[in-house]
Ligand code: 5GP
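In our numbering, the protein residues as written are 1 to 194.
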């Protein structure tokens, strides 16, 4: 974690359990608000078939990732389900300087670190309507094998517990458009205040 320049824009952190639909929600917010930039993380996780390098993530080697940590190029990073994920600092700074709202779609550990750098970050946590629903979404997504989906489902408990402590805004993703609209409203309200 490194110091960052004073900025003009605002950071919005979006977290939630794996499979809850965070990525879809963030992409929809991006479509609706032209002043939003969605940060693209670097990760050592293998790319799935439907993902695009440089669009969903920058898929890099562990060596490359460690080098970026050493050079102070990451705003925050964390190990999630056995892989490293991190937020590139330069691009976030650049977009904030340009006055953009920058969305970081990151896990709770990373969010806690990012909040130290951006104390006025808007914190949004996305919930599934129920644990059963989350399990179904994880299984239907078919991206990970049953064992990994199970691990991710178990990880949801810890994330949700932390959510009550750190996140001011809670959004339930029962209906996608409604969840997107709620996030858009939160962002617009906080932007109006700055
Ligand atoms: P997935 O493998 O499902 O794409 O992501 C797994 C978890 O890593 C999700 O909770 C996601 O929000 C989180 N994540 C993605 N990018 C970053 C990042 O740059 N930093 C941190 N700390 N977590 C991230």
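C-beta: ideal position from N, C-alpha, C; glycine also.
Predicted model only: the values in this text are computed from it and were never measured.
- One alpha carbon belongs to residue 115, the other to residue 151, and they sit about 26 Å apart.
- Going by DSSP, residue 122 is part of the beta strand (DSSP E) stretching over 122–127.
- Contact between the stretch 99–116 and the stretch 58–69 is not established, with fewer than three Cβ pairs separated by less than 8 Å.
- Going by DSSP, residue 78 is part of the beta strand (DSSP E) stretching over 74–80.
- Checking the DSSP bridge columns, you'll see residue 10 partnered with 101.
- DSSP places residue 24 in the uninterrupted alpha helix (DSSP H) bounded by 22–32.
- Burial check for residue 31: the Cβ neighbour count within 10 Å stays below 16, so the residue is exposed.
- Per DSSP, reduced to three states, the secondary structure at residue 87 is strand.
- Residues of the same chain with a CB within less than 7 Å of the CB of residue 153, apart from the 5 flanking positions on each side, are 134, 135 and 138 in chain order.
- Between residue 171 and residue 10 the beta-carbon gap is near 18 Å, outside 8 Å, which marks them as no contact.
- Set against 6 Å, the gap from the CB of residue 137 to the closest heavy atom of the ligand 5GP is not smaller.
- Residue pairing for residue 57: DSSP places it in a beta bridge opposite 53.
- Exclusion of the five residues before and after residue 163 leaves 125 as the residues of its chain whose Cβ lies within less than 6 Å of its Cβ.
- Apart from sequence neighbours up to five positions away, the residues of its chain that approach residue 183 with a beta-carbon distance below 7 Å are 25, 29, 124 and 171, ordered along the chain.
- If you check the CB distance, residue 22 and residue 12 do not come in under 7 Å.
- Between the alpha carbons of residue 147 and residue 176 lies a gap of roughly 27 Å.
- Judged by DSSP in its simplified three-state form, residue 106 adopts coil rather than helix or strand.
- One Cα belongs to residue 96, the other to residue 102, and the distance between them is close to 7 Å.
- Per the DSSP secondary-structure output, residue 180 pairs with nothing in a beta bridge.
- Taking 7 Å as the cut-off, the Cβ atoms of residue 87 and residue 18 do not count as close.
- Closest option to residue 188, judged by alpha-carbon separation, among 27, 155, 34 and 54: 34.
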